[in-house]
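One point on numbering: in this note's numbering, the residue at position 327 of the sequence shown is 391, and numbering is uninterrupted.
Every residue, glycine too, gets a C-beta built ideally from N, C-alpha and C.
The model shown is predicted, which means the values in this text are computed figures rather than measured ones.
As structure tokens, the structure follows; a few thoughts come after it.
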Amino acid sequence: MTEGKQLRSIRGTRDLLPGETETWDVVEGVVREIMALYQYREIRTPIFEETQLFARGIGEYTDIVKKEMYTFEDQGGRSLTLRPEGTAPVVRAYLEHKLAAQGTMEKLYYLGPMFRQEAPQKGRARQFHQFGAEVIGTDVPEADAEIILLFLAVLDALGLESWSLHIGSLGCQNCRPAYREELVAFVKGVEDLLCEDCRGRIETNPLRILDCKREGCRLATAKAPSQLDYLDEACREHFETVKRLLADRSVPFTVDPRMVRGLDYYERTTFEVLNPDLGAQDALCGGGRYDGLAEMIGGEERVPGVGFAAGLERILLALEAGGESLEFEPLCEVALVHVGDEARRHLFALCDVLRRAGVASTMDLTERSVKAQMREANRREALLALIVGDKELKEGTVTLKNLVDGEEETVPLEKVVPAVLNRLEALEEAAVEEEPEEWTGEDEGPDLDPGEAA
Ligand code: AMP
65 MTEGKQLRSI
75 RGTRDLLPGE
85 TETWDVVEGV
95 VREIMALYQY
105 REIRTPIFEE
115 TQLFARGIGE
125 YTDIVKKEMY
135 TFEDQGGRSL
145 TLRPEGTAPV
155 VRAYLEHKLA
165 AQGTMEKLYY
175 LGPMFRQEAP
185 QKGRARQFHQ
195 FGAEVIGTDV
205 PEADAEIILL
215 FLAVLDALGL
225 ESWSLHIGSL
235 GCQNCRPAYR
245 EELVAFVKGV
255 EDLLCEDCRG
265 RIETNPLRIL
275 DCKREGCRLA
285 TAKAPSQLDY
295 LDEACREHFE
305 TVKRLLADRS
315 VPFTVDPRMV
325 RGLDYYERTT
335 FEVLNPDLGA
345 QDALCGGGRY
355 DGLAEMIGGE
365 ERVPGVGFAA
375 GLERILLALE
385 AGGESLEFEP
395 LCEVALVHVG
405 DEARRHLFAL
415 CDVLRRAGVA
425 STMDLTERSV
435 KAQMREANRR
445 EALLALIVGD
455 KELKEGTVTL
465 KNLVDGEEET
475 VPLEKVVPAV
485 LNRLEALEEA
495 AVEEEPEEWT
505 GEDEGPDLDP
515 GEAA
């Protein structure tokens with residue numbers, strides 16, 4: 065036998081255990097449902113891509129590309145990278161498969177793991193999960209506003225009420241160079257006050273300096289020029305329209321003149337949705353417009369796009385902090401309880417018959433006592449227990465015990481399935497009558513009806 069220390073999961077990654085996976089399923093289900101309401105279709109891209117895709121798309125001088133990517137060489141000497149984000153792969157796939165004909169657009173969403181070698185802390189992991197949506201092929205401001213409304217609809221459907229929306233505009237290829245020049249001139253004047261990282265950014269990525277969390281850098285750049293004062297006519301008009309569309313829906317937002325995102329591909333609209341309960345890692349979602357991205361990754365022409373990416377772990381933390389109950393136990397309808405080996409053999413077959421009839425059923429696989437089997441049935445909150453011992457074997461019956469009200473009855477073996485289905489239906493009807501009215505994600509949309517924006 066090989067000896068050694070017990071192996072553990074890698075720092076910054078986490079096992080999602082039973083109990084948590086059910087919660088994730090519910091949240092992912094809500095995401096999918098809202099995406100369908102807004103008519104976005106799912107795309108699944110590979111977990112790894114050519115390194116070039118991210119180096120060119122996200123930007124060589126960004127933190128992600130410089131220090132956070134999991135990059136490796138495969139056996140053929142190709143440089144590959146575990147995806148740190150979803151937008152560049154989605155746009156790559158869009159171009160590769162010519163997803164939209166000229167002049168049309170595509171609305172896509174994704175959901176899955178992303179990888180960044182950041183310092184792990186609460187709300188920041190090395191393998192984390194994002195869902196995101198992209199509108200590719202149009203540059204109208206309605207697409208920007210829809211992307212924001214879509215994310216807020218997900219929060220609403222999840223019952224997450226504490227959030228703040230911050231929006232900005234980074235201008236476009238026309239107006240950004242003039243702003244960049246002004247900004248560089250400004251930061252050169254305060255260079256001595258900046259941290260080492262930011263001094264290095266002056267030539268490579270000056271906008272990022274505005275995003276530095278260090279107190280010294282924040283103070284030094286407090287009076288830095290804002291991109292918003294340098295927008296050209298078209299960018300200003302675009303930004304005004306996005307704000308107007310949000311106001312039409314009564315969505316509260318704050319304009320952030322210093323909004324910079326960590327990825328180079330953004331142009332024009334950028335936004336973030338923050339949650340006040342999350343501490344340092346308070347961004348639930350970030351997004352914006354990326355009209356130049358397709359060309360940056362080798363597309364032959366400009367394909368405008370806008371999208372967001374949201375962190376699933378952060379949303380779960382925020383729900384928890386907001387007091388939402390996130391416990392979802394899987395339903396167990398019938399627990400089969402046997403006394404003796406012969407009954408066990410009979411019940412093994414019956415258990416499979418029930419499962420094939422669509423009944424969630426469990427039976428003991430560890431040869432435990434009847435008492436232990438009943439305890440397990442209660443732990444799983446089974447609705448019915450189906451008990452077979454010597455007496456039932458002799459009579460060709462089973463004892464069906466309703467674990468909700470404790471009533472017992474004897475049912476002939478050949479009538480077990482319909483009897484079980486019958487009892488379950490009655491229990492379900494009784495439960496529906498008792499249930500308080502609440503949004504279940506099944507037959508209602510989120511609480512954003514068209515009449516609301518008066
Ligand atoms: P970004 O792709 O950096 O714009 O991030 C979009 C969203 O993903 C953020 O607002 C977070 O909610 C989430 N996120 C980003 N990085 C991490 C991380 N290392 N761990 C957990 N969530 C993250």
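Cβ-heavy atom distance between residue i and the ligand AMP below 8 Å?
{"i": "Phe192", "result": "yes"}
{"i": "Gly187", "result": "yes"}
{"i": "Ala520", "result": "Residue 520 lies beyond the range of the chain shown here (65 to 518); nothing can be said about it."}
{"i": "Gln139", "result": "no"}
{"i": "Gly350", "result": "yes"}
{"i": "Leu327", "result": "yes"}
{"i": "Met519", "result": "Since the displayed the chain opens at 65 and closes at 518, residue 519 lies outside it and no answer follows."}
{"i": "Ala164", "result": "no"}
{"i": "Arg378", "result": "yes"}
{"i": "Arg180", "result": "yes"}
{"i": "Ala347", "result": "yes"}
{"i": "Glu336", "result": "yes"}
{"i": "Glu149", "result": "yes"}
Quickly, what does DSSP pair residue i with across the bridge? List them, please.
{"i": "Asn574", "result": "For the chain, the structure presents residues 65 to 518; residue 574 sits outside this window and is missing."}
{"i": "Lys171", "result": "Val199"}
{"i": "Met178", "result": "Phe192"}
{"i": "Pro476", "result": "Thr461"}
{"i": "Phe136", "result": "Leu144"}
{"i": "Ser228", "result": "Leu338"}
{"i": "Thr426", "result": "Ala399"}
{"i": "Ser233", "result": "Thr333"}
{"i": "Thr318", "result": "His230"}
{"i": "Phe353", "result": "The identity of residue 353 in the sequence shown is Arg, whereas the question assumes Phe. Its beta-bridge partners are Glu331, Val370."}
{"i": "Gln185", "result": "Arg188"}
{"i": "Phe112", "result": "Leu146"}
{"i": "Arg105", "result": "Leu172"}
{"i": "Ala347", "result": "Leu338"}
{"i": "Gly375", "result": "Gln194"}
Measuring alpha carbon to alpha carbon, tell me which of the options ends up nearest residue i.
{"i": "Gly363", "options": "Val337, Arg72, Tyr158", "result": "Tyr158"}
{"i": "Tyr104", "options": "Glu384, Gly196, Gly453, Gln185", "result": "Gly196"}
{"i": "Leu357", "options": "Pro153, Tyr329, Glu260", "result": "Tyr329"}
{"i": "Gln116", "options": "Lys479, Met99, Thr135, Lys455", "result": "Thr135"}
{"i": "Glu124", "options": "Leu213, Ser389, Val370, Gly326", "result": "Gly326"}
{"i": "Leu214", "options": "Met99, Asn339, Leu172", "result": "Met99"}
{"i": "Phe537", "options": "Val403, Arg188, Met169, Thr85", "result": "No answer is possible for residue 537: it lies beyond the span of the chain, which begins at 65 and ends at 518."}
{"i": "Leu447", "options": "Pro316, Cys396, Ile128, Arg96", "result": "Cys396"}
{"i": "Gly369", "options": "Gly422, Asn486, Leu224, Thr202", "result": "Thr202"}
{"i": "Leu411", "options": "Glu492, Asn442, Leu450", "result": "Leu450"}
{"i": "Ile113", "options": "Asp220, Thr145, Glu498, Val423", "result": "Residue 113 is actually Glu in this sequence, not Ile. Minimum Cα distance to Glu113 is reached at Thr145."}
{"i": "Met323", "options": "Ala286, Glu245, Arg408", "result": "Ala286"}
{"i": "Thr151", "options": "Asn269, Gly264, Ala385, Asp355", "result": "Asp355"}
{"i": "Thr268", "options": "Glu245, Arg487, Val306, Thr426", "result": "Glu245"}
{"i": "Leu380", "options": "Leu348, Ile361, Ile128, Val403", "result": "Leu348"}
Can you check whether the C-beta of residue i is within less than 9 Å of a C-beta belonging to chain D?
{"i": "Met99", "result": "Structure shown: chain D not included; a single protein chain is present."}
Count the other C-beta atoms from every protein chain shown that fall within 10 angstroms of the C-beta of residue i, then say buried if there are 16 or more, exposed otherwise.
{"i": "Thr126", "result": "buried"}
{"i": "Arg75", "result": "exposed"}
{"i": "Asp312", "result": "exposed"}
{"i": "Leu71", "result": "exposed"}
{"i": "Lys186", "result": "exposed"}
{"i": "Ser389", "result": "exposed"}
{"i": "Phe118", "result": "buried"}
{"i": "Phe335", "result": "buried"}
{"i": "Leu101", "result": "exposed"}
{"i": "Glu471", "result": "exposed"}
{"i": "Gln139", "result": "exposed"}
{"i": "Thr430", "result": "exposed"}
{"i": "Thr85", "result": "exposed"}
Can residue i be considered in contact with the ligand MG, in the sense that its beta carbon sits closer than 8 Å to one or more heavy atoms?
{"i": "Phe192", "result": "The model depicted lacks the ligand MG and carries the ligand AMP instead."}
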